[in-house]
Structures are given as C-alpha cells and as structure tokens.
C-alpha cells in the first residue's frame, strides 16, 4: 500500500483519546516486527497499554507525540523527548505504523513533520536506537539520513540484543531527506496540464449552508507535486456560483487572484469587483470574513493559495450557525455556533 492510495493522511499531535490506538500499534510491533510471543508479548502489550495514557495524560516527562490518521483511524505514531544533558538534542523514542501501512510512506510523513516541528522549537539534532537485527528499519533510517555511530547492549522481552545508535547532526537535513523520500515515491510530473489535476466538485459545507457554492469546481494543482506546506487550487465558478459561505480562519492565510472572468469580493460589509489580474489576501486571525460571488453571465476562474494547518486551524462561518472546531480527541468537526456538534464530516 502507498500513502498516495489514501484519500488523505493527517499528521497531528496525539491526544489522550489516541492512547488506546497507539498502545495497540506499539504492542503489535512487538509481535510482528520483533517476534515476541507468549508471556513476553503479553507483558509488552500490558506495559504499553498502561504507559500511553500516562504519557498523553501529562504524567511523565515532556514528550512530543504525533499520530498519522487516515479517516478516523490512527495508523502510525512517533514520539520524541529532549535529551536531558543537552537541550539541542532530541531522542526518537518510538516510530511505528500498523502492519497494513508499513512501507506505505506513513513513517516518512511522520519523520518530516517531526523534524519541522522540532526545528521550530530549537531542536537541532536527533538520536535514536534501532535493533541491530532489524534490517528494514536500519535501511529506512539510512534513507532518512541517519548515521550509525555505535552499538550498545539492549533487552528485548528478557533476551539480550544489540542496539545500533543513530544520530542526525542536523534536523534540517532530516526534514529534507524525508521530503526527498516522499518525492521519490510520488514521482511527481515535471509539469501538469489543468485537465490532469485532481478535481473536487460540489458543496463545501453541510446541507442548507451556502447552497450557491454547490456547483463550484476546484482543481487541486499542488497535490500531484507533493506540496505539503500550502495548497494551490484552480477555482472555477459558474454564473451565479459562490466560492463558499462568508468565513474566516484562525491559523491559515488565504490568497486569491482572478485568472478569467469577474467576481465580486464580499468582505466586512464591503463589496468590490475583481477582474483578471486582481488579487486579494486574508491573513490568519484577521477577523475579515469573506467570500466570492460570480454575478456575471460568464464563468470565472481564480487561483487560490492557502496554508495547510489542519491540526490547528478553526473556521467561523458568519450568519450560518456553523463553525469548524478542533475537538479534544484531535479531530476537526462541524459544530453549531453554540458548540453542539453536527453530524456531517469536515
């Protein structure tokens, strides 16, 4: 299986609600990856089932835990914590995926996101241990740019083993290596015709909200190239069609420019006609609710560019009794203005 066979993979911080799924993946690794059986396997599973609620409940040392989610299923996780005697170093404590997704690229996605987040808080180097007999994991970490710098004795289910010490001297190099590994899997095109871009049709909201946006058409231009930090869409609006309900984002910037036709930008009680070459931008958290309307008799085409922060961004839809919120269990969901949930998925 390959990550690009999935409709979407979201990497986000783990929450206490993820503890059971993480413990299951961790315990399964001791069976399928390390070959434990019998009492040793039961003990490993029980220990992980007890440990992860404590970690995610904040009862242990500070630790960064990310999960990879497909739909609503946690399919992988990674965990690190700072090295006590040198804050520049981080220790990679865990990196595991479900048996069904091993080799899919999920691990590389987790490593890329880990590196980006650790760099943002000043971590510059990474250490890890890998079982010496785990050739597959050693090959993966080599692709991620790790150096094998030594050996040390270890224990696995009560049996002595040899662990290999891995180091990354530069966290930025790890982020680059992970991106290159993902890029190689994708084999992106050198160039892309509009007709080849993935298409998203239909309403962007639950029934009864912004029905005028139902016929909009988006072509996701950035996805075939593996862009992960921002989205690029070609937005096509038929006559009478709107881009969305009036909305604003807490964490994502938005930018649009008109390529063909004309639209009306409606924002903050003001309206302005936009034609080819005209642009508009909406900084995250600015409080400027906005949307676009095609009031002409001809189609309009726009280019949209925006941040991709699905684990942080929230959205308010003005006058619609609708919002998108980050829930305590790590999911994003449509809610009403009073916070009560709606059944429709985001």
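Residue numbers (this note's numbering): 77 to 422.
C-beta atoms are modelled at their ideal positions from N, C-alpha and C, and glycine is treated no differently.
Alpha-carbon to alpha-carbon, residue j and residue i
| i | j | result |
| --- | --- | --- |
| residue 290 | residue 164 | 50 Å |
| residue 379 | residue 354 | 11 Å |
| residue 272 | residue 386 | 25 Å |
| residue 401 | residue 198 | 29 Å |
| residue 246 | residue 340 | 48 Å |
| residue 128 | residue 171 | 14 Å |
| residue 107 | residue 87 | 25 Å |
| residue 294 | residue 145 | 24 Å |
| residue 116 | residue 201 | 33 Å |
| residue 140 | residue 89 | 8 Å |
| residue 394 | residue 238 | 60 Å |
| residue 224 | residue 240 | 7 Å |
| residue 305 | residue 188 | 11 Å |
| residue 182 | residue 270 | 28 Å |
Where the alpha helix (DSSP H) containing residue i begins and where it ends
| i | result |
| --- | --- |
| residue 118 | 114-132 |
| residue 192 | 182-196 |
| residue 101 | 95-108 |
| residue 249 | 247-262 |
Sequence-distant residues of its chain with Cβ nearer than 6 Å to residue i (five each side left out)
| i | result |
| --- | --- |
| residue 298 | 307, 308 |
| residue 219 | 257 |
| residue 327 | 360, 385, 388, 389 |
Minimum Cβ-Cβ distance from residue i to chain C less than 8 Å
| i | result |
| --- | --- |
| residue 195 | Among the chains in the structure shown there is no chain C, since it carries only a single protein chain. |
Start and end residues, beta strand (DSSP E) containing residue i
| i | result |
| --- | --- |
| residue 216 | Unbroken run through residue 216 is the alpha helix (DSSP H), 211-219; no beta strand (DSSP E). |
| residue 147 | Run containing residue 147: none; DSSP gives neither H nor E here. |
| residue 270 | No beta strand (DSSP E) contains residue 270, which DSSP labels as neither H nor E. |
| residue 139 | Segment: none, residue 139 is in no beta strand (DSSP E) and carries neither H nor E. |
Cβ-based neighbour list, residue i, same chain, cut-off 7 Å, excluding 5 preceding and 5 following
| i | result |
| --- | --- |
| residue 124 | 99, 102, 103 |
Rounded Cβ spacing between residue i and residue j (contact assumed at less than 8 Å)
| i | j | result |
| --- | --- | --- |
| residue 191 | residue 251 | 4 Å |
| residue 281 | residue 322 | About 11 Å separates the two Cβ atoms, so there is no contact after all. |
| residue 186 | residue 152 | 6 Å |
| residue 346 | residue 338 | The Cβ separation is near 17 Å, so there is no contact. |
| residue 244 | residue 226 | Not confirmed; about 14 Å, so no contact. |
| residue 420 | residue 377 | Going by Cβ atoms, the distance from residue 420 to residue 377 rounds to 28 Å, so no, they are not a contact pair. |
Sequence-distant residues of its chain with Cβ nearer than 8 Å to residue i (five each side left out)
| i | result |
| --- | --- |
| residue 344 | 364, 365, 366 |
| residue 329 | 357, 358, 359, 360, 382, 383 |
### Query
Would you call the region 262-275 and the region 226-233 touching, i.e. three or more CB-CB distances under 8 Å?
Judged by Cβ distances under 8 Å, the region 262-275 makes no contact with the region 226-233, as fewer than three pairs qualify.
### Message
Pairs of beta-carbons, one from the region 238-258 and one from the region 117-137, closer than 8 Å: are there three or more?
### Response
Under the 8 Å Cβ criterion, the region 238-258 does not count as touching the region 117-137, having fewer than three qualifying pairs.
### Task
Take every Cβ of the region 351-366, pair it with every Cβ of the region 280-290, and state whether three or more of those distances are shorter than 8 Å.
Note that the region 351-366 does not touch the region 280-290; fewer than 3 beta-carbon pairs, one per stretch, sit closer than 8 Å.
### Query
For the 8 Å Cβ check, are there 3 or more pairs between the region 111-124 and the region 152-162?
At 8 Å Cβ cutoff, the stretches do not touch.
### Message
Would you call the region 200-212 in contact with the region 165-181, where contact means no fewer than 3 C-beta pairs closer than 8 Å?
### Response
These segments touch.
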